[in-house]
Structures are given as C-alpha cells and as structure tokens.
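Below is one structure, written out as structure tokens, with a few remarks after it.
Number of protein chains: 2
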Amino acid sequence: MPYLLRPEPDPMPMDCRILTAALELFVNKGYHNVSVHDVQKHAKVSIGSIYNHFGGKQGIARALYDRLLQEMNQMVDSVISQKLSIIEKCNSIIKLWFEYTESHSDIIAFMLHAKHNEFITDQPPICSAEPFRKIRELVQDGIDNGEIRACDCLIAASVIFGGAYRMISLRLDGLVDRPLPEYYDQLIDATWQSIRTSVECSTPRLASNS
Amino acid sequence: MPYLLRPEPDPMPMDCRILTAALELFVNKGYHNVSVHDVQKHAKVSIGSIYNHFGGKQGIARALYDRLLQEMNQMVDSVISQKLSIIEKCNSIIKLWFEYTESHSDIIAFMLHAKHNEFITDQPPICSAEPFRKIRELVQDGIDNGEIRACDCLIAASVIFGGAYRMISLRLDGLVDRPLPEYYDQLIDATWQSIRTSVECSTPRLASNS
DNA sequence: GTCTATATCCAGATAGAC
DNA sequence: GTCTATCTGGATATAGAC
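As they're listed, the protein sequences go chains A and B. The first sequence begins at 168 in this note's numbering and counts up by one. The second sequence begins at 168 in this note's numbering and counts up by one.
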C-alpha cells in the first residue's frame, strides 16, 4: 500500500501533504500547467515551506517520482518472492496494476502515463528503472525454464504486458468504463492462450506487396 | 508518405517549414520546454509569420496534430481497403507503424507518445480519434467473422496492438537498439500464436490469496 | 521551520514599419 | 505577408519577519 496516500497519521506530515497535492494536480492538469502557487494553495501550506522541503517545483516532482518508483519496486519484489510459476507472477503484477488503477489512479497515471524526462532533467526513461528491469528478467527466466515461448525477451515482455498497459491507458483516458479487474480474466486468456480462434495453421503474414 | 516531411518542393512552403521545425523541437524537448522563439529560430522565419499563420504556439501544435491525424487516418483507410484478411490488415498496420518509427520517428513519437491534452485544450484523447476507432471496428469485424477469439473488443484490440505499442515505446526510449522491422516476424508470431510454449492445459491463474 | 511580500526573469503575444 | 522591437503577465525563486 503506497505510503504517500496511506490513511493519514493526522496530522499528515507536511511533506506528504505537499506531495499528495502535487500528484493530484500534476496528473489532472499536467506538470507544466501547475504552478508552485497552485500546489501551495491545494496543500494548504506556504510557498516558503515548499522551497524548504523540496527546493522548488522540480524537486517536488523528483521526490514524488523517487518514492513511487521505490514503492513499485517493493511491489515487484514482493510478487517475485512468492512461490508461483513465472506466468503466475506476471499475472499477479498485472492484477495488482489493475487494482491500483482503480484505487490509486493518480499513482498509476503518474508512473505509467507521464513523460518524466520532460520535466525531471537527466531522468533516464522509466522502462530502464529497476522494477521494470526486474520484470524483464522475470520474463527471461520464463523463457529459460520453458514456460514462455523462446523469442527475444523484449518482445515477450511487450506481448505479455503490452495488453495490460494498453488497457490501463484506455481506462485512464476514459474509453474503458468498467473497473479493470473485471477484464482481468479475459485479458489473461487472450494473452496467454492465443488471440486467434484456431492455431492449426501458421500465422498469416502479409502479402509480399506491403 | 506524410506530406509534412515530403521531399521539399524547394522552397518548402513556410507553413511546412514551421511545422517541421516545431515537430522536431516538441518531440526532442517537450512542448512546454519549447518557446515560440525557439521555433522561430529553428525554422528560420520571423515570429510575426508564426503568429500570422498559426495564431500562436498552441495553434502550431493543433495544426500539427490535425494534419498528422489525417495522414494516419488515410494510412488506416488504405490498409482497410486492401483485399486481406482481418488479421493480415492488423499486421499490416503494425508493420507500417514499425517502418514509420524508423523513417519518421518524430511523427510516431508525437502521435503515439505525446500527451496532447496537456497542451492542446479541449482535445479528446487520441485513442478516441477516427483512425483508432476504425482499428477497433476492424478488430470487432474479426471477432464477428470468427478470425479473432470472441472477447471484449477493447481487450482484443489491446492484446493485438499492445505489444507493438510497447515495442515502439521501448524503441523511442532507446531500450531497443535494432530497427523495429527486424522484430516484426517474432512479434506477430508471439501475438497471434500463443506466447506460452504449450496450450494443452488452460491458462494458470493466480492463487486465491493474491 | 513557517510565513508574507517582493524581486527577477522569460515566454507568449502585439504593434507598427516595410 | 514578413519583419523587428516592445509590452505584459505570470511563473520561479528569494528575502526577511516571526
């Protein structure tokens, strides 16, 4: 459960108040459309406190990103350490993401949807960060132990998690109107079985002219 | 072939010069990190011309978005009108996207990667725009005619195109270091066959505790 | 550590000559 | 239609009292 939005210790510490307010504003309006004054008003603190704690607007974004990435890392670790098959671990991560998308959509939107390197300078892309590296390693393990079709690891990971990413994206954009967990079973089936109806012949390719 | 970057009529018309320069800057630095003066310098026109043609910075973004969306729409139309199976049409779109990602990465980055509603006001999400609607209709047709597994259309579309989206995203972020078309065959196989090695038993689900 | 008031800068937009 | 010079608002950041 993410600390940021954990049931407030009452009074919620000031840095959490600031980060929580900033997260909501960044996600709803976009980082560059939010001023420090907006955050200050929404968090009901003074602008001085913000500069004291985070040194500025980018400092807020960086702290937010670091903390949430750490939480996502812990989430991945906890799934990986369970006694499950590789496929079950992948599914478990998807399931948790789906649940988070409903209960903490701001966090998912900020982590999976935002373009961090547009506002946090010198930030490597999130897909190269630790939790995502671990997920790819997980997929590679599945290939090595024979659970997952032998192919390039990046392709396998993209196929396995790409559908879920896409559903999350569509949900955040308002095109999916029911909670994502309701789609979980169907998505898992379509992903791991075959999206085609019959597998008797090989996959149709394109005609040579295209 | 996109008009925007078509071999220049020499002299390239001023509006194209402006849009081409803006596209490159927006993609590389992010819309909000680009000033009208940057565009003006990069396109080698005066700031007055920009305001004459597009009315301002947002006007540039809107014109860019509209034109590229129209081109994408034409691309989808041309694929749909071909005499191919539904599955082949889907693959054809993926193949074209992969080729565009290599030859016109700016366009793909701007259309598939950017968050337009953060800088173009009142812009509905791109996934609800015409070409993407048509792709979902295509998938629905495939479900209706039995080519594609019977399931929710959004899920089917997400599974079919989600892997390709993800590969594009990873390529743009620098994690994939070979041209995408080289991955096309493997991706198509993994998507349409099954990503699992064996299909003899049903998909493993999660244990009940998760 | 927290606050208010203020300074500084720069981006978007405009005016008006040519 | 195109250009240069200028205006203005608003954002980040700081100073200094409490």
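Where is the CB? At the ideal position from N, CA and C, for every residue including glycine.
Buried or exposed (CB count within 10 angstroms, at least 16 for buried), residue i
{"i": "residue 283 (chain A)", "result": "buried"}
{"i": "residue 312 (chain A)", "result": "exposed"}
{"i": "residue 295 (chain B)", "result": "exposed"}
{"i": "residue 285 (chain A)", "result": "buried"}
{"i": "residue 288 (chain A)", "result": "exposed"}
{"i": "residue 244 (chain B)", "result": "exposed"}
{"i": "residue 324 (chain A)", "result": "buried"}
{"i": "residue 271 (chain B)", "result": "buried"}
{"i": "residue 331 (chain B)", "result": "buried"}
{"i": "residue 224 (chain B)", "result": "buried"}
{"i": "residue 258 (chain A)", "result": "buried"}
{"i": "residue 302 (chain A)", "result": "buried"}
{"i": "residue 250 (chain A)", "result": "exposed"}
{"i": "residue 222 (chain B)", "result": "exposed"}
{"i": "residue 217 (chain B)", "result": "buried"}
{"i": "residue 298 (chain B)", "result": "buried"}
{"i": "residue 233 (chain B)", "result": "exposed"}
{"i": "residue 309 (chain B)", "result": "buried"}
{"i": "residue 368 (chain A)", "result": "No answer about residue 368 (chain A) holds up, because its pLDDT of 49 lies below 50 and its placement is not dependable."}
{"i": "residue 215 (chain B)", "result": "exposed"}
Within-9 Å CB hit, residue i to chain B
{"i": "residue 377 (chain A)", "result": "Because residue 377 (chain A) carries a pLDDT of 41, less than 50, the predicted location of this residue cannot be relied on, and the following value inherits that uncertainty. Output row for residue 377 (chain A): interface = yes."}
{"i": "residue 197 (chain A)", "result": "yes"}
{"i": "residue 315 (chain A)", "result": "yes"}
{"i": "residue 270 (chain A)", "result": "no"}
{"i": "residue 356 (chain A)", "result": "yes"}
{"i": "residue 237 (chain A)", "result": "no"}
{"i": "residue 319 (chain A)", "result": "yes"}
{"i": "residue 178 (chain A)", "result": "no"}
{"i": "residue 327 (chain A)", "result": "yes"}
{"i": "residue 219 (chain A)", "result": "no"}
{"i": "residue 286 (chain A)", "result": "yes"}
Residue from the options whose Cα sits closest to the Cα of residue i
{"i": "residue 339 (chain B)", "options": "A:293, A:338, A:202, A:274", "result": "A:293"}
{"i": "residue 273 (chain A)", "options": "A:363, A:357, A:193", "result": "A:193"}
{"i": "residue 238 (chain B)", "options": "B:326, B:267, B:226", "result": "B:267"}
{"i": "residue 291 (chain A)", "options": "A:229, A:208, A:363, A:222", "result": "A:229"}
{"i": "residue 242 (chain A)", "options": "A:317, A:261, A:254", "result": "A:261"}
{"i": "residue 326 (chain A)", "options": "A:301, A:195, A:354, A:206", "result": "A:354"}
{"i": "residue 254 (chain A)", "options": "A:231, A:211, A:315", "result": "A:315"}
{"i": "residue 344 (chain A)", "options": "B:319, B:342, B:337, B:221", "result": "B:319"}
{"i": "residue 211 (chain B)", "options": "B:200, B:197, B:179", "result": "B:179"}
{"i": "residue 207 (chain B)", "options": "B:359, B:347, B:184, B:226", "result": "B:184"}
{"i": "residue 333 (chain A)", "options": "A:362, A:304, A:279, A:321", "result": "A:279"}
{"i": "residue 246 (chain A)", "options": "A:309, A:220, A:361, A:305", "result": "A:305"}
{"i": "residue 300 (chain A)", "options": "A:186, A:236, A:359", "result": "A:236"}
For residue i, the three-state DSSP class (helix, strand or coil)
{"i": "residue 363 (chain A)", "result": "strand"}
{"i": "residue 315 (chain B)", "result": "strand"}
{"i": "residue 223 (chain A)", "result": "coil"}
{"i": "residue 252 (chain B)", "result": "coil"}
{"i": "residue 343 (chain A)", "result": "coil"}
{"i": "residue 197 (chain B)", "result": "coil"}
{"i": "residue 268 (chain A)", "result": "helix"}
{"i": "residue 242 (chain B)", "result": "helix"}
{"i": "residue 310 (chain A)", "result": "helix"}
{"i": "residue 212 (chain A)", "result": "coil"}
{"i": "residue 287 (chain A)", "result": "coil"}
{"i": "residue 278 (chain A)", "result": "helix"}
{"i": "residue 298 (chain B)", "result": "helix"}
{"i": "residue 377 (chain B)", "result": "For residue 377 (chain B), the pLDDT reaches just 41, beneath the cut-off of 50, and the residue's location in the model is therefore unreliable, leaving the point undetermined."}
{"i": "residue 368 (chain A)", "result": "No answer about residue 368 (chain A) holds up, because its pLDDT of 49 lies below 50 and its placement is not dependable."}
{"i": "residue 334 (chain B)", "result": "helix"}
{"i": "residue 259 (chain A)", "result": "helix"}
{"i": "residue 179 (chain B)", "result": "coil"}
{"i": "residue 292 (chain A)", "result": "coil"}
{"i": "residue 325 (chain A)", "result": "helix"}
Residue-level contact to chain A via CB, residue i, 9 Å cutoff
{"i": "residue 362 (chain B)", "result": "yes"}
{"i": "residue 205 (chain B)", "result": "no"}
{"i": "residue 322 (chain B)", "result": "yes"}
{"i": "residue 359 (chain B)", "result": "yes"}
{"i": "residue 240 (chain B)", "result": "no"}
{"i": "residue 254 (chain B)", "result": "yes"}
{"i": "residue 225 (chain B)", "result": "no"}
{"i": "residue 311 (chain B)", "result": "no"}
{"i": "residue 307 (chain B)", "result": "no"}
beta-carbon residue i near the ligand NAP non-hydrogen atom, thresh 8 Å
{"i": "residue 206 (chain B)", "result": "In the structure shown, the ligand NAP is absent, as is every other ligand, since no ligand is present at all."}
Chain-ordered residues of the stretch 329-350 of chain A with a beta carbon less than 8 Å from chain B:
Of all residues in the stretch 329-350 of chain A, 329, 330, 331, 332, 333, 334, 336, 337, 340, 341, 342, 343, 350 have a Cβ within less than 8 Å of some Cβ in chain B.
Proximal residues, the stretch 288-299 of chain B versus chain A, C-beta separation under 7 Å:
Per Cβ criterion, the list reads 292, 294, 295.
Contact list for the stretch 271-284 of chain A against chain B, Cβ threshold 9 Å:
280, 281, 282, 284
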